[in-house]
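To start, the structure under review is shown below, and the notes come after it.
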Amino acid sequence: MISKTLTISKCHGSSNSCYHAMQQLSSKEVPNVSNVSNNKINLPKTEVDVKIQIVHRTIENKEKSPTKNIPSQEEVAILFLQELLQDFENILTITEDFKGFDKYATDWMRNYIEENMKRTKVEYIFEVLLKFYQDNHLEYFSSLLGFFYQYGIGHKINKKKALEMYKITTMQDNLGKNIYNHLQNINKSVGEYLLALYYYKDIIVDKQKSLKWSYKPAKEGNTASQYEIGYCYEYGIGTIQSDKKAFDWYMKSAMGDNPKGQCSLAWCYQQGIGVEKDDEKSFEWYLKSAKGGNINGQCNLAYYYENGIGTEKDEGKAFEWYEKSAQGGNTFGQNSLGYFYEMGVGTSKNPVKAIEWYTKSAKRGHHIGQFNLGRCYHDGIGVEKDTKKAFEWLLKSAKSGNSQGQYHLERYFNIKVKSD
8 MISKTLTISK
18 CHGSSNSCYH
28 AMQQLSSKEV
38 PNVSNVSNNK
48 INLPKTEVDV
58 KIQIVHRTIE
68 NKEKSPTKNI
78 PSQEEVAILF
88 LQELLQDFEN
98 ILTITEDFKG
108 FDKYATDWMR
118 NYIEENMKRT
128 KVEYIFEVLL
138 KFYQDNHLEY
148 FSSLLGFFYQ
158 YGIGHKINKK
168 KALEMYKITT
178 MQDNLGKNIY
188 NHLQNINKSV
198 GEYLLALYYY
208 KDIIVDKQKS
218 LKWSYKPAKE
228 GNTASQYEIG
238 YCYEYGIGTI
248 QSDKKAFDWY
258 MKSAMGDNPK
268 GQCSLAWCYQ
278 QGIGVEKDDE
288 KSFEWYLKSA
298 KGGNINGQCN
308 LAYYYENGIG
318 TEKDEGKAFE
328 WYEKSAQGGN
338 TFGQNSLGYF
348 YEMGVGTSKN
358 PVKAIEWYTK
368 SAKRGHHIGQ
378 FNLGRCYHDG
388 IGVEKDTKKA
398 FEWLLKSAKS
408 GNSQGQYHLE
418 RYFNIKVKSD
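The sequence shown begins at 8 in the working numbering and counts up one residue at a time.
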């Protein structure tokens, strides 16, 4: 199976990270279940869902009859953890200054536990979190377990385990608007915040400083500063997150002919960020961005031409813009160009050229390019068959989380690989 694309490129960041940036950043949304009424709650589907439901009933029964159904220490801890997780998410979403986040967050966590669980040691709370993980119920409190590991709460500091927990948490599926799923979605949201901070806290702090200095030139018409402010509002960096303000600042930047601002404005129209979705306007701004030389805009414009989004389908133009994007170093564009050459889309078939572009994409870390290169080496497409190289590239793809890479590695070499 040939792997072409999974999604469209995001406009921010370097070309070799735009695909991953889109995957990680576009999902960074706090779930909202305020409109879910009690009569629409689904029945719990797992053992732990039932246990959480029993905890609620036990507490309610205790209030009615204090001498019966007294909840166990573990049940009280589970109920407490639900409240802790929700309150911790609130703390993360309203935090504006991340410079002293480590001390602030750990102090808050310890004080919260001491005030609400006065007779329970923090080590016991850690044990309950760990038990959920060991029982394979990762979807509820794994983000908290990671935080406890990272900052040595109830256990010695173990940053490797913390990172493992954050990665596991962010890989959980979004489960919709069920009261128990809501808890799981909050866990994922918290995990995404903590993973971003684990990797990028210093960058975020710099962005906060940058935001303060960007306003004056932005108001004077500096399109680069206008773009930076839009970016900060889109992701809540150094300020309260606001899709509408992000859109407004991207619009100012785009109207000033800034290609990055134009690409981000197109993205807003595509995704409905701060504005109604509009494929035609999205296409219009990707076109401007592409003509201005932005390689992500070029890649996304090609995708629109390829699939007939906001314009007539035109595989020839799609090929042209993928080529420009690929030549500029966009790894998504490089993989797509390889696909066009292999399949003869918008150009003549040329397996050798396909290998050339798959290789460029793969060497720069694009997991789809790595899979396609491994597949070509295995099947001898555009290159002599080479089982060793096929294995190497499929392994890289599989470790990066590519499901096709994982499937074919097992199929061809009988090896199962988990993502890094």
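C-beta atoms are modelled at their ideal positions from N, C-alpha and C, and glycine is treated no differently.
E349 is the residue among E349, K367, R126, S368 whose C-alpha sits nearest the C-alpha of D386.
Membership of G389 in any alpha helix (DSSP H) is not indicated, and neither H nor E is assigned to it by DSSP.
Note on geometry: alpha-carbon atoms of Y242 and K252 lie some 11 Å from one another. The beta carbon of A84 is closer than 8 Å to those of M124, T127, Y131, I132, V135 in its chain, skipping five residues each way along the sequence. For N301, same chain residues with a beta-carbon under 8 Å away, outside a window of 5 residues either side, are C18, P266, K267, Q269, C270 in chain order. Shown here for W328: same chain residues with a beta carbon closer than 7 Å to its own, the five before and five after excluded, namely A297, Q305, L308, A309, Y312 in chain order. Assignment of S407 by DSSP, reduced to helix, strand and coil, places it in the coil class.
Taking a cut-off of 8 Å on C-beta distances, the region 215-229 does not touch the region 193-203, as fewer than three cross pairs fall below it.
DSSP places S249 outside both helix and strand once states are collapsed to three, so it counts as coil. If the five residues before and after A361 are omitted, its C-beta is found closer than 6 Å to the C-beta atoms of G345, Y348, E349, G389, all from its own chain and listed in chain order. About 5 Å separates the beta carbon of F326 from that of T354, a gap short enough to meet the 8 Å contact definition.
Secondary structure of K298 (DSSP, three-state): helix. Rounded to the nearest whole angstrom, the CA to CA distance from E90 to Y173 is 20 Å. Straight across, the Cα-Cα distance linking L190 with E96 is about 11 Å.
Collapsing the DSSP output to three states places T318 in coil.
With fewer than 16 other CB atoms across the displayed protein chains lying within 10 angstroms of its CB, K320 is exposed.
Here the C-alpha atom of Y140 lies approximately 7 Å from the C-alpha atom of S149. Boundaries of the alpha helix (DSSP H) around G268: 266-278. Selection I120, Y206, N229 evaluated against F87 yields I120 as nearest (Cα-Cα).
Here D285 has Y276 as same chain residues with Cβ atoms under 6 Å from its own Cβ, once five neighbours each way along the sequence are excluded.
Counting other Cβ atoms within 10 Å of its Cβ, E146 reaches 16 or more and is therefore classed as buried.
Rounded to whole angstroms, the gap between the alpha carbons of G335 and E291 is 21 Å.
For R117, the enclosing alpha helix (DSSP H) begins and ends at 108-123. In the DSSP annotation of this structure, I164 is not part of any alpha helix (DSSP H), being labelled neither H nor E. The beta carbon of V352 sits closer than 6 Å to the beta carbons of E322 from its chain, once the five residues preceding and following it are set aside; these are given in chain order. Between S249 and T230 the beta-carbon gap is near 20 Å, outside 8 Å, which marks them as no contact. Under the three-state reduction of DSSP output, D393 falls in the coil class, being neither helix nor strand.
In this chain, the alpha helix (DSSP H) harbouring N342 covers 338-350.
Distance between Q413 and W364, taken at the CA atoms: about 22 Å.
With distances taken between CA atoms, L294 lies nearest to W274 out of N342, I280, W274, G279. Cβ-Cβ distances below 7 Å link S404 to H374, Q377, F378, G381, G412 in the same chain, with the five nearest sequence neighbours on each side left out; the list follows chain order. When secondary structure is reduced to three states using DSSP, M178 falls in the coil class, being assigned neither helix nor strand.
Considering only Q278, Y158, E330, the residue with the shortest C-alpha distance to I316 is Q278.
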